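J.: The sequence shown maps to residues 0 to 768 in numbering that gives the first Met the number 0.
Once you've had a glance at the structure underneath, I'll fire off some questions.
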Amino acid sequence: MIKIRLNPIYFRKLTKGAIDMIKGKQKALSVSVLLAILGMSYAGTADAAEAPSHSFELEKVVVEAERALPGEMANGSGTVGILGSRDAMDTPFSVTNVSQKTLDLFLGPNEPLDKALVGVPSIRASGSVLHGDYSIRGFRANGTSMYVNGVHGVMTQFNLPMFAMEGIDVVSGPNSMIGASGVQYESNTAGGIVNARTKRAGNEDFVKYKQTFSGKGSFGEYLDVSQRFGKNKAWGVRLNTELLNGETAVNDADMKAKGIALNIDHKGKHSSTNLFANYRDLDIYNGIRWFKLANPGEAKVTDASGSSVTRTIPGVTHVPGAPDGGRNYSAKGTWKAGYGWFATLNHEQYLNDNWTLFANFGYSRQKLNQNVSPNMSSYWITDDLGNYDYIQTNSATPQRSYYAQIGSRNKFKTGDVKHEIILSLDKAWRNRNGSTTVPGTRYLGQANIYSGPVWQDADARMISYTTRPNNKTSIWGASILDNMEFGKWNAMLGIHKHEANARSWNTGSKTYSSVKSDATCPTYSLSYKPNDNWLIYGNHSENFDVGAEAGSSYANAGEIMPPAKTKQNEIGVKYGTKNGLFTLAYFDIDQASNISVSRDGKNYLVQDGKINHRGVELSYNGKLAKKWYGMIGLAYMDAKYKNMGASAAYKNGQRESGQGKWSASAAIEYRADENFSVIGRATYTGSTPFYTVNYNSSTVTANSTHLNAPSYTVVDLGVSYNTKINNVPVKLSAMCYNLFDKDYWVVARGDQVYLSTPRTFFLSAEFKL
0 MIKIRLNPIY
10 FRKLTKGAID
20 MIKGKQKALS
30 VSVLLAILGM
40 SYAGTADAAE
50 APSHSFELEK
60 VVVEAERALP
70 GEMANGSGTV
80 GILGSRDAMD
90 TPFSVTNVSQ
100 KTLDLFLGPN
110 EPLDKALVGV
120 PSIRASGSVL
130 HGDYSIRGFR
140 ANGTSMYVNG
150 VHGVMTQFNL
160 PMFAMEGIDV
170 VSGPNSMIGA
180 SGVQYESNTA
190 GGIVNARTKR
200 AGNEDFVKYK
210 QTFSGKGSFG
220 EYLDVSQRFG
230 KNKAWGVRLN
240 TELLNGETAV
250 NDADMKAKGI
260 ALNIDHKGKH
270 SSTNLFANYR
280 DLDIYNGIRW
290 FKLANPGEAK
300 VTDASGSSVT
310 RTIPGVTHVP
320 GAPDGGRNYS
330 AKGTWKAGYG
340 WFATLNHEQY
350 LNDNWTLFAN
360 FGYSRQKLNQ
370 NVSPNMSSYW
380 ITDDLGNYDY
390 IQTNSATPQR
400 SYYAQIGSRN
410 KFKTGDVKHE
420 IILSLDKAWR
430 NRNGSTTVPG
440 TRYLGQANIY
450 SGPVWQDADA
460 RMISYTTRPN
470 NKTSIWGASI
480 LDNMEFGKWN
490 AMLGIHKHEA
500 NARSWNTGSK
510 TYSSVKSDAT
520 CPTYSLSYKP
530 NDNWLIYGNH
540 SENFDVGAEA
550 GSSYANAGEI
560 MPPAKTKQNE
570 IGVKYGTKNG
580 LFTLAYFDID
590 QASNISVSRD
600 GKNYLVQDGK
610 INHRGVELSY
620 NGKLAKKWYG
630 MIGLAYMDAK
640 YKNMGASAAY
650 KNGQRESGQG
660 KWSASAAIEY
670 RADENFSVIG
680 RATYTGSTPF
690 YTVNYNSSTV
700 TANSTHLNAP
710 SYTVVDLGVS
720 YNTKINNVPV
730 KLSAMCYNLF
740 DKDYWVVARG
750 DQVYLSTPRT
760 FFLSAEFKL
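Listed below in structure tokens is the structure:
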């Protein structure tokens, strides 16, 4: 029996600190943190007249956690869509469950999400400090295509609030059946299901305070409070806050972030409920590092005064050598700022031991209120000397998303066959606005990737705007799946039916045009488990994505493409022991292709042909030898265009832009004892193809040059040490990302190239109070 006295003073001070943080008062936050610590330390002796205490008699309760693999860089179990929590050895799909430890090691405050995910063989890097982009089995994804606690579409597409997350579960491959319905922005779920799990109160109550330093002058403060209370400790509260400010490892690229996240859960005999809410305010100055390589030709642009200027473009014939990754390449005044909040609610009702009802809900409101950036997010390199133009634009993309799902899981037997029938109904909405009073794109100056700015007429400052409707998309779906076990065999048979309505705003007629579509996506699998150590499986799965909208750079802007169906066949084998988990998988994926074509001198987005991704993935997570642990992955993928029409016949048989053949990652930890460890990681990306494009557009033509960005290897190295200061447990960590300061190009978003981030030092001290 444990007796805990909870002091209301502590909670008042903690709340005050969170409010001060949101207002950006860094000193006030520090003071509040110290007061909160004192409140916790002296909760048992607070003056009753000043603040009465409350006593509760609490029974010991065990809070379930994911099964950690040796080394704790990955878990052996995690969330698998509507199947719920599953052990990897009982799942007939390729899954990787990234742990809290891996997030802490490789996801520094200024690092993009993909830095923590590249240990998953299916995932390749394409993100930046600005955006949380990555690719999974060759398909572009970002925060809006992710799930949070099984709820789709509530995250932002920009830098993500990972300070509130304790792990990420990755199910590789398209699967609308287990992933249900969703509406995302500038991404899709064709490559797989990526689910972030929020931090929740565990069996141990604690207060953790962490200070960080990274880059050239970026300082961070993080507070993490966890407590369980009530009868049988049925209630849990986890509070996380973030305050970050300063210069990143890139010259003059500053990042400010203020965030607060609250998770409340209740676990009872007949039900469990989890509520999560998050608010974050983010400012990033400069930091643009995306480029496109221009075809030769002439183009008209508008200068800072509003006059028309004809630009003669020599064109680029080869990949320029990667310049200094530590330099700033943004035009003066470049600025991205946004704020938003989202919430998820999960509930399970246990009617009996075999029948469970579940419901999941989500809401998100995100606003990019300052978007001073290059047109189409990239600068165009115009010649082989590395010259590029400042073509700037101002825009805004405020959006709201909603999600609702209800369903049931029912277990029963027919003879020797065990059944688990899962039923689900869900609906997702996303409403997005655009901006109306911005002046459009402007030619403001020139620069060189090697020598820096040449001239700039005016700062690329933000001009006030008003918003208008842009796009409203909704999709509803119904799923039924039978998970059958008979002896050493398991079979899954499921079908997902959905209907979508994508509406696009016409600025001329001020009405919506609508494209309705529907599809049926089956999923089926067969697996054999000869013993507890082996799993052999095969599956077929499909994904449905509502039609993509042609952007403002196309002559058919606002037109919605037909829905793209993605189909995959996969076979694999898993071998698990007490020391770790091996996974080997082969996959073959087909998807309809959207491409840019030129007609009568204008650029159009059309659906033409297919892309095919086929490859092999191998991974190991666990113990390598005494005191040695690893998270190791290797992937080969052959991604090619096929069945392209006459307008793009030149692409047939060519490797798809942005898809290199080889990638690998190996994170190795040496744990000298329970207090000291050294960790290193090497990440390899093979040569990656892409095309040159028309200036100030994304159009690839038959005259475009097919190029290959060179391969590269990046090394990270760090140490961690657990000690005590005045009897307070402290964890000290030091990491160096990109240890050898390698400069390289990353091909991302099709035919864009992204310049690497430079060597970055990250220091942290976490106090457990």
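All C-beta atoms, glycine included, are put in the ideal place defined by N, C-alpha and C.
Treat the numbers as computed from the prediction; the structure is a model and nothing was measured.
(1) Would you check if there are 3 or more beta carbon pairs closer than 8 Å linking the region 716-733 to the region 283-300?
(2) Note down the Cα distance separating F212 from A477, rounded to an integer number of angstroms.
(3) Is Q658 helix, strand or coil by DSSP?
(4) Can you list, in chain order, the residues of its chain whose CB lies under 6 Å from that of T311, leaving out five sequence neighbours each side?
(5) Expressed to the nearest angstrom, what Euclidean distance is found between the alpha-carbon atoms of L768 and V206?
(6) Nearest by alpha-carbon distance to V745: which of G644, C735 and T712 is it?
(7) Run through DSSP, which three-state label would M161 get?
(8) Check whether the region 362-372 and the region 333-341 touch, using three or more Cβ-Cβ pairs below 8 Å as the test.
(9) Below 8 Å, can you find three or more Cβ-Cβ pairs linking the region 651-669 to the region 682-701?
(10) Given that a residue counts as buried once 16 or more other Cβ atoms are within 10 Å of its Cβ, and exposed if not, what is R441?
(11) Would S217 pass as a contact of G258 if the rule is Cβ separation under 7 Å?
(12) Which whole-angstrom value is the C-beta distance of F275 and T343, which I expect to be below 8 Å?
(13) Alpha carbon to alpha carbon, how far is P51 from N500?
(14) Does the beta-carbon of W379 have 16 or more other beta-carbons within 10 angstroms, so that it is buried, or is it exposed?
(15) Quick check: the Cα distance between Q590 and A764, rounded to an integer number of angstroms?
(16) Nearest CA to the CA of A195: which residue from T272, E498, G80 and K417?
(17) Once you ignore the five residues that flank K417 on each side, which residues in its own chain have a CB closer than 6 Å to its CB?
(18) Would you identify the three-state DSSP class for I448, choosing helix, strand or coil?
(19) Specify, as a first and last residue, the run of the beta strand (DSSP E) that Q567 falls within.
(20) Helix or strand or just coil, what does DSSP make of A701?
(21) Could you check where the beta strand (DSSP E) with M491 kicks off and where it finishes?
(22) Kindly indicate which three-state DSSP category L775 falls into: helix, strand or coil?
(23) Which value, in whole angstroms, describes the spacing of the CA atoms of F92 and I474?
(24) If I'm right that S225 touches G191 with Cβ under 8 Å, what's the distance once you round it to whole angstroms?
(25) At the level of alpha carbons, what is the spacing between V545 and N555?
(26) By how many angstroms is the C-alpha of Q455 removed from the C-alpha of L443?
(27) Mind checking whether G579 and L68 have CB atoms under 7 Å apart?
(28) Report the residue from G214, G717 and K573 whose alpha carbon sits nearest the alpha carbon of G325.
(29) For S597, I'd like the list of residues in its chain whose CB is within less than 7 Å of its CB, leaving aside the five on either flank, ordered along the chain.
(30) Taking a contact to mean a Cβ-Cβ separation below 7 Å, would you say A256 touches E241 in this structure?
(31) Please state whether DSSP places I631 in a helix, a strand or coil.
(32) For L633, which residues of its own chain have a beta-carbon under 7 Å away from its beta-carbon, when the five flanking residues on both sides are left out?
(33) Return the CA-CA distance between E498 and G332, expressed in angstroms with no decimal places.
(34) Locate the alpha helix (DSSP H) running through Q99, then write down its first and last residues.
(35) By the 10 Å Cβ neighbour count, where 16 or more other Cβ atoms means buried, how is W334 classified, buried or exposed?
(36) My output table needs one value for T143: the three-state DSSP class, helix, strand or coil.
T.: Answer, in terms of the structure:
(1) These segments do not touch.
(2) About 48 Å.
(3) Q658: coil per DSSP, three-state reduction.
(4) Listed in chain order, the non-local C-beta contacts of T311 below 6 Å within the same chain comprise E297, local neighbours out to five positions each way being set aside.
(5) Just so you know, the alpha carbons of L768 and V206 end up roughly 5 Å apart.
(6) Checking every option, the nearest Cα to that of V745 belongs to T712.
(7) Looking at M161 - three-state DSSP - the assignment turns out to be helix.
(8) Contact holds: three or more Cβ-Cβ distances are below 8 Å.
(9) The count of Cβ pairs closer than 8 Å, one atom from the region 651-669 and one from the region 682-701, reaches three, so the stretches are in contact.
(10) So R441 ends up on the buried side.
(11) Result no, Cβ atoms of S217 and G258 do not sit closer than 7 Å.
(12) Going by Cβ atoms, the distance from F275 to T343 rounds to 5 Å, so yes, they are a contact pair.
(13) For P51, the pLDDT reaches just 40, beneath the cut-off of 50, and the residue's location in the model is therefore unreliable, leaving the point undetermined.
(14) W379 comes out buried.
(15) Going by the C-alpha atoms only, they are around 47 Å apart.
(16) Nearest to A195 by C-alpha distance, out of T272, E498, G80 and K417, is G80.
(17) If you ignore the 5 residues before and after K417, its C-beta comes within less than 6 Å of the C-beta of E484, all in its own chain and listed in chain order.
(18) Reduced to three states, the DSSP call for I448 is coil.
(19) Start and end: A563 to T576.
(20) Shown here, A701 sits in coil according to DSSP, grouped into three states, outside any helix or strand.
(21) Run containing M491: W488 to N505, per the beta strand (DSSP E) assignment.
(22) Outside the displayed span of the chain (0 to 768) sits residue 775, for which this structure offers no information.
(23) Cα-Cα distance, rounded: 25 Å.
(24) Actually they are not in contact, since the Cβ atoms of S225 and G191 sit about 30 Å apart, beyond 8 Å.
(25) Rounded to the nearest whole angstrom, the CA to CA distance from V545 to N555 is 18 Å.
(26) Going by the C-alpha atoms only, they are around 5 Å apart.
(27) With contacts defined by Cβ atoms closer than 7 Å, G579 and L68 form a contacting pair.
(28) Comparing C-alpha distances from G325 to each of G214, G717 and K573 shows the shortest one belongs to G214.
(29) So the list reads T698 and T700, once near-sequence residues are dropped.
(30) Yes, the Cβ-Cβ distance between A256 and E241 is below 7 Å.
(31) In the structure shown, I631 falls within a strand segment according to DSSP collapsed to helix, strand and coil.
(32) A distance below 7 Å between beta-carbons, with the five flanking residues on each side excluded, links L633 to the following residues of its chain, in chain order: P120, L617 and A663.
(33) E498 and G332 have their C-alpha atoms some 43 Å from each other.
(34) Start and end: Q99 to F105.
(35) By the 10 Å Cβ count, W334 comes out buried.
(36) In the structure shown, the three-state DSSP call for T143 is helix.
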